[in-house]
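Encoded as structure tokens, the structure appears first; notes follow it.
There are 2 protein chains.
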Amino acid sequence: MNRGKTPLTLDATVLRDVLDGEWTEARRRIRDLCEDPALHLPADGTLEDMRAATTAAVGAVAESGLARLPMSEDEGGSEKHGEYVAGFEELVTASPSLQIKAGVQFGLFGGAIMHLGNDEQHAKWLEDALSGRLPGSFAMTEIGHGSDVAEVGTTAVYDVDAQEFEVHTPFRAATKEYIGNAARDARAAVVFAQLVTKGVNHGVHAFFVPLRDEEGGPLPGIALEDDGLKGGLPGVDNGRIAFDQVRIPRENLLTRYGAVSADGDYSSPIESPGRRFFTMLGTLVQGRVSLDGAAVVASKLALDIAVRYAHDRRQFTSTSPVEETRLIDYQRHQRRLMPLISQAYANAISHDTLLHTFDVVFSGEDDSDQARELLETQAAGFKALSTWDALTTIQEAREACGGAGYMAENRLVGLRGDLDVYVTFEGDNTVLLQLVGKRLLTDYAKELKDIDFGGAARLIGAQAAEHTLFRTGFANIGRTISDLVTVSVNEKRVRSGKVQEALLSDRVDTMVASLAQSLRPARSMSQADGARLFNEHQNELIEASIAYIELLKWQGLNTEMHRIEDGGKHTEEAKVLRRIRDLYGLSLIEKHMGWHSMYGRLPMARARLIGPTINSLCEKLAQNSLDLVEAFGYGPAHRRAPIADGAEAARQDEARAYFRAARATSDWPVDEKELRKRAARR
Amino acid sequence: MNRGKTPLTLDATVLRDVLDGEWTEARRRIRDLCEDPALHLPADGTLEDMRAATTAAVGAVAESGLARLPMSEDEGGSEKHGEYVAGFEELVTASPSLQIKAGVQFGLFGGAIMHLGNDEQHAKWLEDALSGRLPGSFAMTEIGHGSDVAEVGTTAVYDVDAQEFEVHTPFRAATKEYIGNAARDARAAVVFAQLVTKGVNHGVHAFFVPLRDEEGGPLPGIALEDDGLKGGLPGVDNGRIAFDQVRIPRENLLTRYGAVSADGDYSSPIESPGRRFFTMLGTLVQGRVSLDGAAVVASKLALDIAVRYAHDRRQFTSTSPVEETRLIDYQRHQRRLMPLISQAYANAISHDTLLHTFDVVFSGEDDSDQARELLETQAAGFKALSTWDALTTIQEAREACGGAGYMAENRLVGLRGDLDVYVTFEGDNTVLLQLVGKRLLTDYAKELKDIDFGGAARLIGAQAAEHTLFRTGFANIGRTISDLVTVSVNEKRVRSGKVQEALLSDRVDTMVASLAQSLRPARSMSQADGARLFNEHQNELIEASIAYIELLKWQGLNTEMHRIEDGGKHTEEAKVLRRIRDLYGLSLIEKHMGWHSMYGRLPMARARLIGPTINSLCEKLAQNSLDLVEAFGYGPAHRRAPIADGAEAARQDEARAYFRAARATSDWPVDEKELRKRAARR
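Top to bottom, those sequences are chains A and B. The working numbering puts the first residue of the first sequence at 4, with every later residue one more than the last. The working numbering puts the first residue of the second sequence at 4, with every later residue one more than the last.
Next up, the structure:
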């Protein structure tokens, strides 16, 4: 269907290195590990089969040494934080259930002990946690408080006489809920509870609480329930935990950010309770970083399957009277899949920059407040967009494979069900974007940082008010675009990176400035009125955050494209990256074209060129689409979708061979239609 | 959070009658039936449990008499086609598995016998099919040909000596695939195959083919496979059927549109093979009509659950220091749910107009080609949009319920998985929209009807070329909007129905005219070049079809609103319907704002009012949102989601009671934060 254009000659390994980024070796090591069927879910298992298989696979991950990477060198690790998270993300290719269950065991349970515990506590529990010998839970979320974790209802009251904490669930909504490992495996949990000593509530702290005895039965005072079936993640045993006056030794409080002496005196290295709490939560940013990367892996797998199928699958004759047309050659099919490929490239490359920031902060290379806040903001925003993108991508891939896409054996519906929860856990996306928005505002206008924004945004408000001004780099992105849009209009001009960046960044600039203007009166309002004013702009705030994250992702992709261009070695790959960047940028601009037009940023003549330019980019990229997915670095053992690896091609070949042979025989039935046409001619 | 505005006082039963439409009694009867737990899927069953329960439920549906409604009065029915389909749609409240399995048994298998069979064939099989005693399949789709059904590979070759047809699967891709009832239950199938007699292929015809013996084993030459796990619909036993030279009597050809005499002569009441085939397919439009309605039911259930939860669930304090804010009071939450409610209203009301057309055609009141083509076009377009809308709606509802929405017990993830396949079966949505587009084009410009558009669009091309010009009513929608947009701008003006209709219809008008202009050269091109030109505009064509269907849905909602307004009896309900219409219309205009601006239809000042007007409509509708979902007519036995019917409210009440009591005690721990504030004041 292409009009004689020659596809680019691409080396997929060059693109793979671009996508895999800084920790390419770690990714490939875990991908190799994930080819082992022992790490996959059983095809037709019961819920218990899925859970048992995932538990066993967590053990295999522990044996691979992955979980030890972030440990300090003193404790037998190598303090490789970026490599650790990169490896974890690739576990999605075995199954998202494994990624999440391993994440609970090593990243959350083990990570909480590592980051919140002291040396004795490390000695007591860390080795067992990271080897998987001590299966554990991370019990933060409660039925009544998901996003607003500062308000959990569980209490841990210090009893001076016994030198014990009493952990208690005072009402049903304070039950720990959706807790991974709780329904089946966990022997212990890190429990987040309000620490009370000497009549004072010092806020949420983490406690090590044993849950089950050696036989797997619940310990006295512990009530465990099974969450049962979910929308996905069948290998993860989520459950509920309630505590009925459960006694734990004083030494089970993880003391990094708050300790209680034998006689009940509280002390903390961080004076402000608000800052203390957010610092404690800050160690958990790793979860969001890894979900951003995991969402990219899942998107790549889905596109890999759909693109390969689109090259094999044929439906309807069009240009030829006998040969049916491949799906990949239909314009709408290209428009469905190619923008998602460009988005996956943008998300993968941006994720690598996030992972780099993460590594710099966690390795201590730059553990400044500024670096940490940049990390937290980007992790929140990137995770929100990439997890939503994963759902859109997997769904489009599933629809692009038609009925075959709906069959569990072709993997797409399972991936989608698994990834579904990523958009609301480890921070609900809507809440995360409000945190990003608040950062944008306080960066834009210092005086806004003292406003009590109410609701979700207060979470970050408390922190921003106490830290130095957060550096989004926002002040640099504003620029006048009038000089860029008045010049003559043609496709090349529409594809200009400067125009794309100007439009995207000007949109963020204008939205934030307008919000700041609207919210300024809140300073002199009562809490209730201020909250109402804030609420009237909540939607705008979230849209501004999305625009900001989209800009960052475009910039990440653009920078990487220039790096390859400037390297001069890979001209064809640089060319395809430019097409990808343009398609990503123009798709964003098309999505927000109403805004750009409404604010006079995009003249009509230029706006009308965007659609045709996108069509043309999609057509060109479709020609190289097999290379583009080959660059994802996955093989049949990762895709595990029969339609993507030969089944459809074999059937199509057999059918075409049948018709070719049949047409050559003398007794092949003639079509009634054909007879009528001949008769009409007579 | 509302600023003292008073909600409207609404009678939900008035709105319910608006939504339920012409067959309101039939809907309520089946809803009552669906409250019976015997019709529901077992909560924790195996795949076999789900299938067995659904098979039993199909029996209960047969006993209810629903399946007999469309039969002729001679044969014991009442020829109530609209009532029949309306009732079927409501089966979704029991489970989509039941709706689909019953649809296969009665609508497809029974329907094919009814609409394609002769009197003797009715006498032989119809009663058994509609009573469920003879479980059957509808075997049309093949692995290699889903959307392009004219090209199925299965053959049925007439053997004069034996007076039998030999049904055969000549290659693997010709295996019947995704066939409901095939994996477990079907004793027979209506099989679509190329009818060959005396060396001539007369195209696809339907044959009655026995599949299993009394013990349930496959008959000689029949190979059956189980599709196993899918993305949803666990109660439906989809499978594959292949035929190895299977012999059936000549009398098993369903003869309404084509018969073969004992000595092998073919005859048909319809001369043209193309028209014959499409007329045969036309009897199947019922499936698409019922999927449009089923998608509306599923969307309503999901919104019902999410809105009720949003009224009970609280998270973060904002306007009050101690009382947390309800989700429904957050602006973003309103913006997430209220436009979807307006869309559900538009889809429900429009569906009723479609069902009316269906009833008029199938009852014979107006069985003209024009009426039938209008029905087919609207069924294709409505089904495409409403099934996509259902997926978006259920997903947004699931996310709006956070982690609780991901738990299977709250029903949303199951509904979504079930509805997923609705977008690609009974006509892939992308293919259906091309059929709509082709109709739009041929209606706009007669000369375009002779072009071979290639690919999917040819399906309809063949038909349109032989029928009288299809009447979309399209010629009437164009109007100049310049007079409407130049007047003074305020919110009221933006909410003007005339402005909304002018913008929506002008968009369709302009898009179709531009497409026609672009495609005209195809008339003088070769097939290959014409197909290429067509493909270069495929995306535009689909977008134009979507725009057209959106306009029809807006018009349906608008007409109904005016009917209630003009009735004068229900002023408050009319007011809320006007808000719903405005929100639906403005949401569409906002979605396409780039287009409206790009073509100079929407001045900047007016465009900027749309966002704030939508915010304000969402806030007002949120105040009445419980009434709006109450009007859907479902109770706890339909929703079956604990979070929507009291579980969350009870937990929240208990927690608030706990804190109220605690704050009143003298030994309630004081917050460290509070102590620090007091210390700072000293």
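Quick reminder that beta carbons are idealized off the backbone N, C-alpha and C, glycines included.
Distance CB(residue i)-CB(residue j) smaller than 7 Å
i	j	result
Lys-623 (chain B)	Arg-582 (chain B)	yes
Gly-261 (chain A)	His-208 (chain A)	yes
Leu-42 (chain A)	Ala-60 (chain A)	yes
Met-601 (chain B)	Met-601 (chain A)	no
Val-299 (chain B)	Asn-350 (chain B)	yes
Pro-213 (chain B)	Ala-191 (chain B)	yes
Tyr-269 (chain A)	Thr-200 (chain A)	yes
Pro-45 (chain A)	Ala-29 (chain A)	no
Glu-228 (chain A)	Arg-215 (chain A)	no
Lys-104 (chain B)	Val-239 (chain B)	yes
Ala-658 (chain B)	Phe-174 (chain A)	yes
Leu-129 (chain B)	Ile-116 (chain B)	yes
Asn-204 (chain B)	Asp-674 (chain A)	yes
Leu-294 (chain B)	Tyr-425 (chain B)	yes
Continuous beta strand (DSSP E) stretch holding residue i: start and end
i	result
Ala-383 (chain B)	From DSSP, Ala-383 (chain B) is part of no beta strand (DSSP E) but of the alpha helix (DSSP H) over 372–403.
Arg-442 (chain B)	No beta strand (DSSP E) holds Arg-442 (chain B); the alpha helix (DSSP H) holding it covers 432–447.
Tyr-181 (chain A)	179–182
Arg-317 (chain A)	317–320
Residue i in three-state terms, based on DSSP
i	result
Phe-410 (chain B)	Phe is not the amino acid found at residue 410 (chain B); the sequence shown has Met there. Looking at Met-410 (chain B) - three-state DSSP - the assignment turns out to be strand.
Gln-503 (chain A)	helix
Arg-666 (chain B)	helix
Ala-97 (chain B)	coil
Val-1 (chain B)	An answer regarding residue 1 (chain B) cannot be provided, because it is not within the stretch 4 to 685 covered by chain B.
Val-686 (chain B)	The requested residue 686 (chain B) is not part of the displayed model; chain B covers only 4 to 685.
Ala-468 (chain A)	Because Ala-468 (chain A) carries a pLDDT of 33, less than 50, the predicted location of this residue cannot be relied on, and no value is offered for it.
Glu-83 (chain B)	A quick correction: the sequence has Lys, not Glu, at residue 83 (chain B). The answer is coil: DSSP assigns Lys-83 (chain B) none of H, G, I, E or B.
Gln-108 (chain B)	helix
Leu-13 (chain B)	coil
Glu-429 (chain A)	coil
Asn-479 (chain A)	Only weak support exists for where Asn-479 (chain A) lies, its pLDDT of 37 falling under 50; the value from the coordinates is given anyway. Three-state DSSP puts Asn-479 (chain A) in a helix.
Range of the contiguous alpha helix (DSSP H) that encloses residue i
i	result
Ala-126 (chain A)	First-last for Ala-126 (chain A): undefined, no H or E at that position.
Asn-3 (chain B)	Look at the range of chain B in this structure, 4 to 685, and you will see that residue 3 (chain B) is not part of it.
Asp-229 (chain B)	Where Asp-229 (chain B) is concerned, there is no enclosing alpha helix (DSSP H), although the beta strand (DSSP E) it sits in stretches over 225–229.
Pro-272 (chain B)	It is not in any alpha helix (DSSP H) - Pro-272 (chain B) carries neither H nor E in the DSSP assignment.
Asn-542 (chain A)	541–570
Val-212 (chain B)	Val-212 (chain B) -> not in any alpha helix (DSSP H); beta strand (DSSP E) instead, spanning 203–213.
Ile-244 (chain A)	First-last for Ile-244 (chain A): 242–246, but that is the beta strand (DSSP E), not the alpha helix (DSSP H).
Ser-600 (chain A)	596–601
Arg-335 (chain B)	334–365
Burial state of residue i, where buried means 16 or more other Cβ atoms lie within 10 Å
i	result
Trp-671 (chain A)	exposed
Gln-466 (chain B)	Residue placement at Gln-466 (chain B) is flagged as unreliable, the pLDDT there being 36, under the threshold of 50; a coordinate-derived value is accordingly withheld.
Gln-248 (chain B)	exposed
Gln-334 (chain A)	buried
Gly-149 (chain A)	buried
His-595 (chain B)	buried
Gly-458 (chain A)	Below a pLDDT of 50, predicted positions are generally treated as unreliable, and Gly-458 (chain A), at 46, falls in that range; the measurement from the model is reported next regardless. Gly-458 (chain A) should be labelled buried.
Distance between beta carbons of residue j and residue i, contact taken as under 8 Å
i	j	result
Leu-1 (chain B)	Gly-120 (chain B)	Chain B is shown from 4 up to 685; residue 1 (chain B) falls before or after that span and cannot be answered.
Gly-156 (chain A)	Gly-147 (chain A)	6 Å
Ile-545 (chain B)	Gly-440 (chain B)	6 Å
Thr-356 (chain A)	Arg-442 (chain A)	Actually they are not in contact, since the Cβ atoms of Thr-356 (chain A) and Arg-442 (chain A) sit about 17 Å apart, beyond 8 Å.
Partners in chain C for residue i, counting only beta-carbon separations shorter than 7 Å
i	result
Val-199 (chain A)	The structure shown contains no chain C; its protein chains are A and B.
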